[in-house]
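J.: Residues in the sequence shown are numbered from 414 upward in steps of one, following our numbering.
I have a structure I would like to understand better, so I am pasting it below and will then ask my questions one at a time.
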Amino acid sequence: MVITRYRSEKFRNLKTLELFPVPGVNVIFGENGQGKTNIIESIWMFTGCHSFRTHKHTELIEKSQREAKVSLSFSAHGMDNDALLTIGQKREFMLNGAVKESPRRFLGEFQSVVFSPDSLSIVQEAPSERRRFLDIAVSMIRPAYSTQLLKYTKILTNRNALLKQIALGTAQEDYLDVWDEELARCGARLTLYRLHYIDELAHIAAEIYKEISGGKEFLKVDYQQSSRCFSIDEYEMTESIFIGLQKNREADIRRQLTSIGPHKDDLLLSVDTLAARQYASQGQQRSIALALKLAEGFIIKETTGEYPVILLDDVMSELDTKRQGFLLEYLKSWQVFLTCCDPSQVSRIKNCKLFHIENGFLTGE
Ligand SMILES: Nc1ncnc2c1ncn2[C@@H]1O[C@H](COP(=O)(O)OP(=O)(O)O)[C@@H](O)[C@H]1O
Ligand SMILES: [Mg+2]
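Right under this line is the structure:
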């Protein structure tokens with residue numbers, strides 16, 4: 414997947430801005446607050462159909478303007494495509510002149526992976542950050558997963574609302590049975606998608622981590638299920654979640670929250686058997702985040718047959734020379750967009766194209 418032309422208009426602070434990237438490394442540089450991340454964010458919109466920074470899409474429009482537009486020309490599977498995103502009251506995606514019925518219908522058309530200082534939260538923060546990573550990564554290659562996730566979230570919201578009513582004495586406890594069944598059925602499907610993905614992710618991320626650490630350390634990636642199910646049979650998993658829900662019913666009513674299901678599961682990351690969140694050094698945590706993100710990109714490539722575009726936002730200065738070297742060597746065949754303040758940080762990259770951005774304007778290539 415290669416972007417051949419990028420254009421944005423009134424996206425945050427970006428003025429009408431057009432660039433023609435090379436298939437290799439594209440370096441976008443400029444001082445802080447000039448619009449570098451805004452370019453990365455606008456490209457990723459075509460992958461996630463929403464921003465990685467906000468859920469309020471009106472924030473993406475330049476202040477006091479009514480509409481923002483971003484367009485990408487990109488090649489994929491030997492075809493040239495033109496995609497247009499318009500953000501106004503709503504978001505609308507067009508691909509090759511045809512409007513998508515909903516933004517989610519664009520999922521899977523353009524693949525990219527973003528790695529930024531925020532990616533460290535996958536290792537350092539609460540389980541919800543790791544579930545978010547998984548949910549986005551799996552949706553990318555299995556759009557059916559995102560439909561299932563949406564369904565699950567609705568069931569969960571309904572069950573939690575009912576728990577509240579029961580706690581207040583305005584609904585009967587046995588109304589929960591139907592929601593428990595639905596939640597278990599849908600939850601088991603979600604879990605199986607995730608397990609299948611983690612199977613591959615664990616293997617690839619471990620290989621990459623081994624290379625980053627010079628073969629000295631071993632990364633382990635496991636999935637921890639709140640239902641403690643050890644079977645990968647859909648029926649048995651459904652049963653296991655259902656039984657878990659029944660067992661925890663009293664506590665759930667007291668807390669007015671559902672304590673079992675994929676919304677409570679976690680991705681366990683460890684280096685040489687020690688849990689990464691608590692024990693890994695900052696450098697090791699950075700390497701883990703990088704290994705997971707590169708593995709995400711690799712799986713997209715294996716599944717779709719196309720290299721996703723790699724978006725590296727402000728990360729070079731945080732990686733030591735060895736890790737930088739590894740990253741650039743690893744990404745030799747990929748199209749990369751890399752942002753930094755000072756282009757001398759990336760002077761070792763050969764044949765890259767430089768773009769200077771200042772106050773939302775491109776001031777030179
Ligand atoms: N909706 C908006 N309208 C106008 N300017 C915005 C909007 N959203 C963010 N900005 C501006 O964009 C700039 C931040 O751009 P960003 O891409 O994050 O900078 P950096 O180059 O450091 O990555 C800030 O100056 C901010 O005020
Ligand atoms: Mg930035």
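All C-beta atoms in this analysis are idealised placements derived from N, C-alpha and C, irrespective of residue type, glycine included.
#1: Near Ser653, what residues of its chain come up, given a Cβ to Cβ distance below 6 Å and the 5 sequence neighbours on each side ignored?
#2: Can the beta-carbon of Phe424 be found less than 8 Å from the beta-carbon of Ala481?
#3: Sorry if obvious, but does the Cβ on Lys766 come closer than 7 Å to a heavy atom of ligand 2?
#4: Under 7 Å from any heavy atom of ligand 1, does the C-beta of Lys706 make it?
#5: I'd like to check one pair, Thr752 with Lys428: are the Cβ atoms closer than 8 Å?
#6: Would you mind listing the beta strand (DSSP E) stretches within the region 614–651 that are 3+ residues and don't spill past its ends, in chain order?
#7: Are Gln748 and Ile416 closer than 8 Å when you measure CB to CB?
#8: Let's see if you can read the secondary structure: which residues bound the beta strand (DSSP E) around Ile500?
#9: Can you check which of these residues, Asp665, Tyr720, His463, is closest to Ala574 by C-alpha distance?
#10: Report the rounded CA-to-CA distance for Ala619 versus Ser672, giving the unit in angstroms.
#11: I need the straight-line Cα distance from Glu624 to Ala704, nearest angstrom please.
#12: From this set, Gly443, Ile762, Thr734, Asp727, which residue's C-alpha is nearest Leu744's C-alpha?
#13: Beta carbon of Lys476: closer than 7 Å to some heavy atom of ligand 2?
#14: If you run the structure through DSSP and keep just helix, strand and coil, what is Phe528?
#15: Buried or exposed, going by whether 16 or more other CB atoms sit within 10 Å of the CB of Thr686?
#16: Using alpha carbons as the reference points, say which of Asp727, Phe546, Ser760 lies closest to Ile453.
#17: Decide if Pro675 is buried, meaning its Cβ has at least 16 other Cβ atoms within 10 Å, or exposed.
#18: For a quick check, are the C-beta atoms of Lys766 and Val526 less than 8 Å apart?
#19: Should Lys763 be counted as a contact of ligand 2 given a C-beta to heavy atom distance under 7 Å?
T.: Reading it off the structure:
#1: Cβ-Cβ distances below 6 Å link Ser653 to Ser640, Cys642 in the same chain, with the five nearest sequence neighbours on each side left out; the list follows chain order.
#2: Taking 8 Å as the Cβ cut-off, Phe424 and Ala481 qualify as a contacting pair.
#3: No, Cβ of Lys766 sits at least 7 Å from all heavy atoms of ligand 2.
#4: Result no, Cβ not under 7 Å from ligand 1.
#5: Their beta carbons are not under 8 Å apart, which means Lys428 does not touch Thr752 by this criterion.
#6: Within the region 614–651, the complete beta strand (DSSP E) segments at least 3 residues long are 632–637, listed from N- to C-terminus.
#7: Less than 8 Å separates the beta-carbon of Gln748 from that of Ile416.
#8: Per DSSP, Ile500 belongs to the beta strand (DSSP E) from 492–500.
#9: The shortest Cα separation from Ala574 among Asp665, Tyr720, His463 belongs to Asp665.
#10: Between the alpha carbons of Ala619 and Ser672 lies a distance of about 31 Å.
#11: Those two C-alpha atoms are separated by around 10 Å.
#12: Here the closest residue by C-alpha is Ile762.
#13: No, ligand 2 has no heavy atom inside 7 Å of this Cβ.
#14: Reduced to three states, the DSSP call for Phe528 is strand.
#15: Thr686 should be labelled exposed.
#16: Out of Asp727, Phe546, Ser760, Asp727 has the C-alpha closest to the C-alpha of Ile453.
#17: Taking all protein chains in view, the Cβ of Pro675 is crowded by 16 or more other Cβ atoms within 10 Å, so the residue is classified as buried.
#18: No. Outside cutoff.
#19: No; taking the cut-off as 7 Å, the Cβ of Lys763 has no heavy atom of ligand 2 nearer than that.
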